[in-house]
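Q: This is the structure, below, for whatever I ask next.
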Amino acid sequence: MDQRPVGVFDSGMGGLTVLHECLVTMPHEDFVYLGDAARLPYGPRPLDEIRRYAREIGAYLEGLGVKLVVVACNSATSAALPELQTELRVPVVGVITPEAHAAVQATRNRRVGLLATQATVASGRYEELLHALDAGVEVVPVACPRLVPLIEGDDPFGEETVAAVREYAAPLKEAGCDTVVLGCTHYPLIRPILQRVFGRDVTLVFSAEETAREVAETLARKGIEHAADREGAYRFLTTGDRDTFRTMGARFLQLPIAEVELVTVAELERLAA
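Under the numbering used here, read the sequence shown as residues 30 to 302, first letter to last.
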């Protein structure tokens with residue numbers, strides 16, 4: 030039995046969709062979630078900058094005594110996963126590899142679309158992983174810079190969001206993709222819009238369930254699970270506004286968020302210095 034919590038981080042709220050699946054899959058484990066809202070969005074930033082932020086947060090979470098780190102952000106996973114796995118003393122799980130596996134298993138015509146942030150598309154990480162699993166897969170990546178601000182806005186299910194989804198979906202439909210990876214942890218919140226635009230014949234792949242399963246398997250394999258006969262606790266930290274995180278976060282987590290603690294960017298930068 031290992032009583033240490035599992036650390037989870039994202040640039041803001043989107044990673045809470047991954048945390049939700051972790052809470053459902055491992056209800057006995059404790060979790061600490063850090064949303065770097067002061068520096069969001071990560072998607073438009075250069076990969077080197079995202080990598081620096083991820084390393085700062087990884088070091089901070091390790092300093093809190095976590096037993097495993099979940100990079101619940103596709104941009105940060107794309108930019109920094111190998112560095113985090115090398116530098117941290119605890120296991121690190123990202124969200125991209127589980128999605129790549131699921132996409133290769135789901136596709137029937139070997140045409141896989143990718144909707145993601147600019148940083149994730151620019152990294153080429155999905156193509157690399159998908160081609161490692163099946164060299165014959167055709168990958169059609171589309172950067173979606175408007176989606177995250179719309180999803181975090183006041184009307185995530187409004188006409189503007191629908192119009193943006195139609196625009197970004199068009200090249201994937203034209204290419205005949207039968208499987209589309211939702212390569213950002215925000216996108217599942219508008220899954221009904223995405224499924225309506227693509228239709229039922231297109232499989233939408235999102236990593237939350239697969240990532241949670243990988244976390245559970247890693248904890249079991251390394252013998253660092255918590256006792257199964259308990260209900261775990263969860264704790265929230267943000268570099269942004271705590272009230273905004275509390276109200277907006279509940280939309281993504283689908284569970285109440287009571288207390289949110291503030292972590293300053295200066296504290297993160299000091300640890301990585």
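For glycine and all other residues, C-beta sits at the position ideal for the given N, C-alpha and C. Computed from a prediction, not measured in an experiment: that's the story for all the values here.
Are residue 74 and residue 294 close, meaning C-beta to C-beta below 8 Å?
A: Not in contact: residue 74 and residue 294 (Cβ atoms no closer than 8 Å).
Q: At the level of alpha carbons, what is the spacing between residue 297 and residue 82?
A: The straight-line gap from Cα to Cα measures roughly 8 Å.
Q: CB residue 36 to CB residue 300, shorter than 8 Å?
A: Not a contact, by the Cβ cut-off of 8 Å.
Q: Please name the residue in 64, 105, 60 whose C-alpha comes closest to that of residue 261.
A: Checked all of 64, 105, 60; the closest Cα to residue 261 is 60.
Q: Just checking my contact of residue 164 with residue 147 at CB under 8 Å: how many whole Å lie between their CB atoms?
A: That pair is no contact at about 26 Å.
Q: At the level of alpha carbons, what is the spacing between residue 107 and residue 226?
A: Their backbone Cα atoms lie some 27 Å apart in a straight line.
Q: Decide if residue 174 is buried, meaning its Cβ has at least 16 other Cβ atoms within 10 Å, or exposed.
A: So residue 174 ends up on the exposed side.
Q: Contact check, residue 72 vs residue 177 under 8 Å by CB: the rounded distance?
A: Indeed, because the Cβ distance is near 6 Å, the residues count as touching under 8 Å.
Q: Let me confirm a value: residue 53 is counted as buried when at least 16 other C-beta atoms fall within 10 Å, else exposed. Which label applies?
A: Per the 10 Å Cβ criterion, exposed.
Q: Could I get the ranges of all uninterrupted beta strand (DSSP E) runs contained in the segment 70-124, with 3 residues as the minimum, in chain order?
A: As far as the segment 70-124 is concerned, its whole beta strand (DSSP E) runs of at least 3 residues are 98-100, 121-123.
Q: Could you say if the segment 233-249 and the segment 261-280 meet the contact criterion of at least three C-beta pairs nearer than 8 Å?
A: These segments do not touch.
Q: Check this for me: beta carbons of residue 253 and residue 218, under 8 Å apart or not?
A: Going by C-beta atoms, residue 253 is not nearer than 8 Å to residue 218.
Q: Tell me, which residues are paired with residue 172 by DSSP?
A: Residue 172 is bridged to 145.
Q: Can we count residue 252 as close to the ligand HEM, meaning its CB is less than 7 Å from some heavy atom?
A: The ligand HEM is not part of this structure, which contains no ligands at all.
Q: Alpha carbon to alpha carbon, what distance is there between residue 231 and residue 194?
A: Going from the Cα of residue 194 to the Cα of residue 231 covers about 14 Å.
Q: Using 8 Å as the threshold, is the C-beta distance between residue 243 and residue 122 below it?
A: In this structure, residue 122 lies closer than 8 Å to residue 243 by Cβ.
Q: Ends of the alpha helix (DSSP H) at residue 39?
A: Unbroken run through residue 39 is the beta strand (DSSP E), 35-39; no alpha helix (DSSP H).
Q: What is the DSSP secondary structure of residue 60, reduced to helix, strand or coil?
A: Residue 60 falls in the strand class under three-state DSSP.
Q: Determine the burial state of residue 128: buried for a count of at least 16 other Cβ atoms within 10 Å of its Cβ, exposed for fewer.
A: By the neighbour-count rule (16 or more Cβ atoms within 10 Å), residue 128 is buried.
Q: Taking only three categories from DSSP, how would you classify residue 186?
A: Looking at residue 186 - three-state DSSP - the assignment turns out to be coil, as it is neither helix nor strand.
Q: Residue 112 and residue 84: beta carbons closer than 8 Å?
A: Yes, the Cβ-Cβ distance between residue 112 and residue 84 is below 8 Å.
Q: In its own chain, which residues sit with a C-beta less than 7 Å from the C-beta of residue 238, not counting the 5 before and 5 after it?
A: 50, listed in sequence order.
Q: Specify the secondary structure class of residue 209 as computed by DSSP and reduced to three states.
A: Three-state DSSP puts residue 209 in a strand.
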